[in-house]
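Reading through the structure tokens given below for one structure.
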Amino acid sequence: ENDIQVNTPLAKAPLGWPTRPEDLALDRDGKPLRIDKAYTWEHPLAAHGLMHNVITNAVKGDPYSIDTLMIFMANMSWNSTMNTMEVRQHLNAKDEKGQFKIPFLVICDAFQSEMVAFADLVLPDTTYLERHDAMSMLDRPISEFDGPCDSVRIPVLPPTGQCKPFQDVLIELASRLKFPAFTTADGQRKFKDYPDFITNFQTAPDSGIGFLMGWRGKDGEKSIRGEPNPDQWERYQENNCVFHYSMPPEHQYMRNWNQGYLDFAKANALRQKNDPIILAVYSDIVQQFRLAAKGQRPGRVPPEHLKERIIEFFDPLPFWYPPLEDAVTNLDEFSINAITQRPMAMYHSWDSQNAWLRQIHSHNYLFINAATAIDHGIEDGAWIWVESQWGKVRCMARHTQAVELGTVWTWNAIGKAESAWHLDPNADESKKGFLLNHLITEELPIKTMNGTFRVSNSDPITGQAGWYDVRVKLSPAGSSEDMDTWPTAQAKEVPGMLFSSSYVNKSSNE
């Protein structure tokens, strides 16, 4: 336990799986080590982190202020954030001395996303066609039912302009900053680039476990576990970029108590132990935190204002509870549940980057049960207002029978800011597409016996964001109102762009 020190590694791991209060990422005074407050008493088991609170926390200086924020693969000024318009104001917020509360913002992106407009420094990324990637056993592999699999991407094109794969940028930064894992004992650089990192990284010295499990060992003769192989990338390329380890049939079934499989899993670091895997209906881990809040165990105790919350939600037995937002919402006024989800056609390929998808769906609707829509005087295809206690949006409605009466839903992230992503200012994405994010708050006021405090709009145990918890009311838009989406924002031209959106618009009309 230590305070955060400049040029000093954290004494507590900022990632992991806490099993008791003593594992939380807190300093000696009980304050969060992480800017998002993950692994604290507010959200003790937040393995995914709370990215949706980073900007708000940084601007508030809670738990501390920062001088640099680096963002990769997250559009935190638009579709990846809650309370979008206020978060955009946070990004421009200044202190009493006229200095930005987030002084230096670094954005890595391959496109002119809404986030790029706020950047002090843009690191131009590549697309997947120009980079090495690993779908690793240490992250989210592509495994089959009969055995573990992993895969890689191999570049098929050189990077354009000054673009550089962001994985290489991270290796470069970590090496120059002399992070211990990227530096040799004598202070020299350990990895040349990302491919070298993937090949030579091991989870522990001489563990034989790395990012890729295929063709390990000096001659590539080992699988799953073995020394780094300098020719590993070439072997993957020769085998369609995939490695599949087929387990013997006797290991493929009843794996939670199949001793042969359990021994295999431990020997290859898929598990730490080879004991049977038993699903625990009663969680001793969760109970540790409740006992701490009750003062019934030695060691760390939560702050007074959080004890009541922990006692309520850290039940070692599963139970259901209504969304936290319901406690601070007039459910009679805001009687409809609103949810947002990614359309499968655009899960990792947004329509704004794909000319064929744009022909299929270039904007989204709010889907409403036809009976509910009629009760609210809303015609199919009409412009409507959707309002929560946190904000409102104007969008287009679509009748459907495929949703229950008290719920409305839409696709996420099709709506874009005007001219962002190098789109025409009048593109459907910015004129008809919309975000439900404007209606969702990133923080909730929580009332306790000890007063009211604000906390992330997230699950009290895991920190999972409450994207599906917002309640709304519906009304038709007036006939005299503009027939386009609201609110919206206008992207600014980025210095140094090869072509501006106005150039593209002019060229497309000639």
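186 is the number of the first residue of the sequence shown in the numbering used here; add one for each residue after it.
Note that CB positions come from ideal geometry on N, CA and C, so glycine has one too.
Just so we're clear, the structure is a prediction, and the values are computed from it rather than from any experiment.
Indicate whether residue i and residue j have their beta-carbon atoms separated by less than 8 angstroms.
i: Thr700; j: Lys632; result: Past the boundaries of the shown model lies residue 700; the chain is included only from 186 to 695, so the question cannot be answered.
i: Thr626; j: Trp575; result: yes
i: Phe449; j: Arg475; result: no
i: Phe376; j: Ile394; result: no
i: Arg420; j: Glu207; result: no
i: Pro333; j: Pro344; result: no
i: Leu710; j: Arg579; result: The displayed coordinates of the chain run from 186 to 695. Any statement about residue 710 would go beyond what the structure contains.
i: Ala223; j: Ala231; result: yes
i: His228; j: Thr647; result: yes
i: Leu629; j: Leu509; result: yes
i: Ala210; j: Thr225; result: yes
i: Met634; j: Trp568; result: no
i: Asn549; j: Ile599; result: yes
i: Phe330; j: Cys293; result: no
i: Phe285; j: Thr253; result: no
i: Ile189; j: Leu218; result: yes
i: Phe519; j: Lys363; result: no
i: Ala478; j: Lys492; result: yes
For residue i, which of the options has the nearest alpha-carbon?
i: Glu666; options: Trp570, Trp652, Ala582 and Trp594; result: Trp570
i: Thr637; options: Tyr653, His490 and Tyr379; result: His490
i: Pro413; options: Glu435, Tyr438 and Thr384; result: Thr384
i: Leu137; options: Tyr467, Pro508 and Leu624; result: With the chain covering only 186 through 695, there is no way to say anything about residue 137.
i: Gly480; options: Ile496, Ala465 and Pro326; result: Ile496
i: Ala359; options: Pro528, Val307, Arg374 and Gly346; result: Arg374
i: Met255; options: Leu308, Glu227, His233 and Ala223; result: Leu308
i: Ile462; options: Val471, His607, Ile470 and Trp442; result: Trp442
i: Asp565; options: Tyr438, Arg361, Ser573 and Met581; result: Met581
i: Glu603; options: Glu329, Gly591, Glu589 and Gly618; result: Gly618
i: Cys426; options: Asn611, Trp400, Thr193 and Asn549; result: Trp400
i: Phe382; options: Ser321, Phe330, Leu342 and Pro194; result: Ser321
i: His561; options: Val291, Gly591 and Ala540; result: Gly591
i: Gln673; options: Met432, Trp263, Ala389 and Ser328; result: Checking the displayed sequence, the identity of residue 673 turns out to be Thr instead of Gln. If we check each option's Cα against that of Thr673, Trp263 comes out closest.
i: Thr312; options: Cys348, Ala304, Lys577 and Gln274; result: Cys348
i: Gln675; options: Tyr249, Lys216 and Met270; result: Met270
i: Gln473; options: Ala196, Gln649, Arg205 and Asn611; result: Arg205
i: Thr557; options: Lys577, Asn539 and Val588; result: Val588
Would you grab the beta carbon distance between residue i and residue j for me? Rounded to a whole angstrom, and I think it's under 8 angstroms.
i: Ala302; j: Lys677; result: 5 angstroms
i: Thr585; j: Asn554; result: 7 angstroms
i: Pro365; j: His317; result: No, Pro365 and His317 are not in contact; Cβ-Cβ is about 24 angstroms, not under 8 angstroms.
i: Leu397; j: Asp335; result: 6 angstroms
i: Pro340; j: Glu299; result: That belief does not hold up - the Cβ atoms of Pro340 and Glu299 are roughly 28 angstroms apart, past 8 angstroms.
i: Arg482; j: Asn597; result: Between Asn597 and Arg482 the Cβ distance is about 42 angstroms, and since that is not below 8 angstroms, they are no contact.
i: Ser641; j: Leu235; result: 5 angstroms
For residue i, count neighbouring C-beta atoms within 10 Å of its own C-beta (all shown protein chains included) and say buried if the count is 16 or more, exposed if not.
i: Val239; result: buried
i: Asp310; result: buried
i: Arg656; result: buried
i: Leu621; result: buried
i: Pro660; result: Contrary to the premise, residue 660 reads as Ser rather than Pro in this sequence. Exposed is the call here.
i: Gly283; result: exposed
i: Tyr379; result: buried
i: Asp613; result: buried
i: Glu695; result: For Glu695, the predicted structure reports a pLDDT of 36, less than 50, and the residue's modelled location is therefore unreliable. The matter cannot be settled from this model.
i: Ile287; result: buried
i: Val191; result: exposed
i: Ser643; result: buried
i: Asn268; result: buried
i: Ser686; result: Legend: pLDDT at Ser686 = 46, less than 50; position of this residue unreliable, value from coordinates given subsequently. Buried.
i: Ile563; result: buried
How many Å lie between residue i and residue j at the Cα?
i: Tyr430; j: Ala319; result: 16 angstroms
i: Lys403; j: Pro415; result: 7 angstroms
i: Pro487; j: Asp212; result: 13 angstroms
i: Asn453; j: His233; result: 25 angstroms
i: Glu406; j: Arg639; result: 56 angstroms
i: Ser547; j: Glu572; result: 23 angstroms
i: Gln387; j: Ser408; result: 14 angstroms
i: Gln352; j: Leu542; result: 28 angstroms
i: Ala295; j: Met261; result: 15 angstroms
i: Asn515; j: Ala523; result: 15 angstroms
i: Thr241; j: Tyr446; result: 46 angstroms
i: Asp247; j: Arg494; result: 20 angstroms
i: Tyr506; j: Asp654; result: 12 angstroms
i: Asp517; j: Pro203; result: 40 angstroms
i: Met432; j: Asp324; result: 20 angstroms
i: Gln297; j: His607; result: 6 angstroms
i: Asp214; j: Ile220; result: 15 angstroms
i: Gln274; j: Gly651; result: 22 angstroms
i: Thr369; j: Ser265; result: 37 angstroms
So is residue i in contact with chain C if we call contact Cβ pairs under 8 angstroms?
i: Gly651; result: Although the question refers to chain C, the structure presented lacks it and comprises just one protein chain.
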